[in-house]
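K.L.:
So for the sequence shown, numbering that gives the first Met the number 0 puts the first residue at 0; every next one is plus one. Beta carbons: idealized from backbone N, C-alpha and C, even for Gly. Because the structure is a prediction, the values reported are computed rather than measured.
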Amino acid sequence: MYKVIRNTKYDYVGQSYSSSYPNLHKYPATMLPQIGIGILKELNISAGSMLDPYCGSGSSFSSGLECGIKKMYGCDINPLAVLLSKVKFTKISIEKLLEARKIFRDNLYDFIKNEQNIESLPRPQITNIDFWFSREVADNLTVIKYFIDKIKDNDIRNFFLLPFSETVRECSYTRNNEFKLFRMKSEELLNFNPDVLGVYFKKFNNTFTYYKYFYLPKLEDDILVEVKYSKFDLHDRNFDVVLTSPPYGDSRTTVAYGQFSALSNEWLGIDYARKIDGMLLGGQKLKENIKNGVIADSIYQIGSVDTKRALEVSAFYNDLGSSIKKVAGSIRKGGKAIYVVGNRTVKNVQLPTDQFIAEKFEENGFKHLITYERALSNKSMPRKNSPTNEKGKTVNTMLSEYIIVCEKISMLKN
Ligand SMILES: C[S@@+](CC[C@H](N)C(=O)[O-])C[C@H]1O[C@@H](n2cnc3c(N)ncnc32)[C@H](O)[C@@H]1O
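1) Out of Ala309, Gly197 and Lys217, point me to the one whose CA is closest to Asp249's CA.
2) So who's on the other strand from Phe365, going by DSSP bridges?
3) How big is the Cα-Cα spacing for Asn426 and Ser260?
4) Going by other Cβ atoms of all chains shown within 10 Å of its Cβ, with 16 needed for buried, is Thr206 buried or exposed?
5) Take Pro162 as the anchor and find which of Arg182, Asn291, Leu140 and Gly334 has the nearest alpha-carbon.
6) Have a look at Ser297 and Phe360 and give me their C-alpha separation to the nearest angstrom.
7) Between Asn77, Asn363 and Lys90, which has its C-alpha nearest Tyr212's C-alpha?
8) Taking only heavy atoms of ligand 1 into account, decide whether any of them is closer than 7 Å to the Cβ of Lys359.
9) If you draw a straight line from the C-alpha of Val339 to the C-alpha of Arg373, how long is it?
10) Express the C-alpha separation of Asn288 and Phe355 in angstroms, rounding to a whole number.
11) To which residues of the same chain is Glu389 closer than 7 Å at the C-beta, ignoring the five residues directly before and after it?
12) If you check the beta carbons only, do Val226 and Met49 fall under 8 Å apart?
13) What are the start and end residues of the beta strand (DSSP E) that includes Asp75?
14) Under a Cβ-count criterion, where at least 16 other Cβ atoms within 10 Å of its own Cβ denotes burial, should Gly341 be classed as buried or exposed?
15) Are the beta-carbon atoms belonging to Asp276 and Arg251 less than 8 Å from one another?
16) Give every residue of the same chain whose Cβ lies closer than 7 Å to the Cβ of Phe110, excluding the five residues on either side of it in the sequence, and list them in chain order.
17) Counting only runs that start and end within the segment 177 to 251, where is the beta strand (DSSP E) found for 3 or more residues in a row?
18) Since Gly292 and Phe315 should fall inside the 8 Å C-beta cutoff, what is the C-beta to C-beta distance between them, to a whole number of angstroms?
19) When DSSP labels each residue in this structure, what does Thr415 get in the three-state scheme?
20) Closest by CA to Ser133, which one among Asn176, Met183 and Phe88?
21) If we call anything under 8 Å between Cβ atoms a contact, is Thr370 one with Ile403?
22) Which whole-angstrom value is the C-beta distance of Glu406 and Phe365, which I expect to be below 8 Å?
23) Just the Cα atoms here: how many angstroms apart are Lys332 and Leu279?
24) Per DSSP, what are the beta-bridge partners of Arg273 in this structure?
25) Among the residues of its own chain, which have a CB less than 7 Å from the CB of Arg5, if the five just before and after it don't count?
26) Tell me whether Leu285 counts as near ligand 1, meaning its Cβ is closer than 7 Å to at least one heavy atom of that ligand.
27) Which of the three DSSP states is assigned to Gly63 in this structure?
28) Using C-beta distances below 8 Å, list every residue in its chain close to Leu375, excluding the 5 sequence neighbours before and after it, in chain order.
29) Give me whichever residues DSSP pairs with Gln349 in a beta bridge.
30) Heavy atom of ligand 1 less than 7 Å from the Cβ of Cys405, yes or no?
31) Evaluate contact between the segment 188 to 206 and the segment 28 to 41, counting only Cβ atoms and requiring at least three cross-stretch pairs below 8 Å.
32) Cα separation between Asp220 and Gly47?
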């Protein structure tokens with residue numbers, strides 16, 4: 000019988016994400032690394048290889064590092080997430096970074112002395128560029144990007160791109176405290192005149208300091224963190240553990256990862272930047288509702304009031320189920336799958352995502368070991384959402400999060 004245990008140890012009240020692994024860049028719905036550390040320790044996992052198929056900003060890698068795991072693999076469809084995870088966990092020489100910064104700065108300031116130089120640069124391909132950026136901001140961002148692109152070393156170039164992405168967001172007309180893309184009010188626009196280069200170098204220096212003092216000292220030579228832009232596909236490797244926090248619903252009605260990252264991704268040169276939300280779990284339409292398993296009843300209830308929403312919810316669980324099948328096939332016998340997830344409410348029906356995850360792993364050769372419920376007090380995500388998807392109607396949802404642990408007991412053919 001599926002059972003959930005309320006475990007206050009995992010509440011981490013008053014603790015923040017950044018106590019030992021500061022954020023180098025804002026990202027939505029990050030997982031508190033302390034959760035991963037707590038559960039890996041409880042399960043006595045302190046070596047081997049780890050996978051995070053939805054790695055986002057890389058919190059699971061922080062947890063793994065803290066527990067002695069040295070080989071970690073991740074993927075995410077959002078290029079901004081991949082960049083963020085890569086920068087945090089790639090070892091770069093501080094001397095080389097400082098040298099690159101000096102050359103970058105000298106060349107950039109020399110270049111902007113002549114206005115014609117700026118005008119000679121091609122305008123970047125950004126959707127509705129004049130709606131989101133003043134001409135002056137766009138010009139300054141173009142110059143920064145031009146000099147970042149000249150950096151030959153990939154790792155150093157990525158490092159420079161991270162504060163650039165934050166600068167894009169901060170100097171755009173977006174409302175910075177929102178995850179979705181909303182433009183500032185017109186009265187705010189009038190007084191908005193950011194010093195783009197100043198913002199960039201300040202962000203660069205912050206990134207540099209956090210990296211130098213919090214990340215780099217933990218990146219010993221034998222540590223490997225490999226991150227890719229892609230959906231997870233069956234891996235030829237048999238991972239010892241999977242630690243992940245998947246999305247808890249489709250991106251359109253829950254956390255809009257693609258929208259949050261759209262401007263940054265476009266400036267980073269990603270041509271599918273505006274299509275990312277449609278590529279994430281639940282992004283594609285389904286023609287039939289899920290009729291079996293623990294989720295079927297909830298979908299039926301949603302369908303009785305809104306057939307379209309029921310199909311959207313089915314699409315999300317269909318994708319999550321297929322992904323779990325692939326993840327399950329990539330874990331060795333005896334290995335563990337740890338998922339941290341919230342149960343969202345749609346049309347007043349709370350969806351048992353935790354139980355769905357346990358069920359899918361059990362269908363794929365696993366035994367469900369534990370589900371802990373923790374109080375959600377510190378996740379960076381909207382505390383209210385619109386379960387009815389009607390404008391203005393919001394409710395407080397997601398007051399808890401669930402930590403689901405399953406163990407592989409048999410090798411099924413995938
Ligand atoms: C809850 S967030 C992960 C947060 C992460 N644990 C952290 O702390 O930053 C879920 C992530 O899943 C990614 N995602 C959604 N659908 C995906 C898919 N089909 N394949 C790979 N990544 C996906 C999103 O881009 C997002 O970064």
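P.N.:
Answer, in terms of the structure:
1) The option with the nearest alpha carbon to Asp249 is Ala309.
2) DSSP lists Lys407 as partners of Phe365.
3) Residue 426 lies beyond the range of the chain shown here (0 to 413); nothing can be said about it.
4) So Thr206 ends up on the buried side.
5) Cα-wise, what sits closest to Pro162 is Leu140.
6) Here the alpha carbon of Ser297 sits roughly 20 Å from the alpha carbon of Phe360.
7) For the options Asn77, Asn363 and Lys90, the alpha carbon positioned closest to that of Tyr212 is the one of Lys90.
8) No; taking the cut-off as 7 Å, the Cβ of Lys359 has no heavy atom of ligand 1 nearer than that.
9) Those two C-alpha atoms are separated by around 10 Å.
10) Going by the C-alpha atoms only, they are around 15 Å apart.
11) The predicted model places Glu389 with a pLDDT of 47, which falls under 50 and marks its position as unreliable; any figure quoted below should be read in that light. Taking Glu389 as the centre and dropping the five residues before and after it, the same chain places no C-beta closer than 7 Å to its C-beta.
12) Their beta carbons are not under 8 Å apart, which means Val226 does not touch Met49 by this criterion.
13) Lys70 to Asp75 is the extent of the beta strand (DSSP E) around Asp75.
14) Burial state of Gly341 is buried, judged by a 10 Å Cβ sphere holding 16 or more other Cβ atoms.
15) Cβ distance < 8 Å, so Asp276 and Arg251 count as in contact.
16) Excluding residues within five positions, the ones whose Cβ falls inside 7 Å are Asn116 and Val142.
17) With a minimum length of 3 residues, the unbroken runs of beta strand (DSSP E) contained wholly in the segment 177 to 251 fall at 223 to 228 and 238 to 243.
18) Actually they do not touch by this definition, with Cβ atoms about 14 Å apart.
19) Outside the shown range of the chain, which is 0 to 413, sits residue 415, and nothing can be said about it.
20) Residue Met183 holds the alpha-carbon nearest to the alpha-carbon of Ser133 among Asn176, Met183 and Phe88.
21) The answer is yes: Cβ separation under 8 Å.
22) The distance from the Cβ of Glu406 to that of Phe365 is about 6 Å, consistent with a contact at the 8 Å cut-off.
23) CA-CA distance, Lys332 to Leu279, rounds to 29 Å.
24) Looking at the DSSP output, Arg273 shares a beta bridge with no other residue.
25) Contacts found: Glu372.
26) Not so, every heavy atom of ligand 1 lies at least 7 Å from the Cβ.
27) Three-state result, Gly63: helix.
28) So the list reads Gly341, Met397, Leu398, Ser399 and Glu400, once near-sequence residues are dropped.
29) Among the bridge pairs identified by DSSP, Gln349 is matched with Thr344.
30) For Cys405, the shortest separation between its Cβ and any heavy atom of ligand 1 does not lie below 7 Å.
31) Result no; under three Cβ-Cβ pairs closer than 8 Å.
32) Computed Cα separation, rounded: 16 Å.
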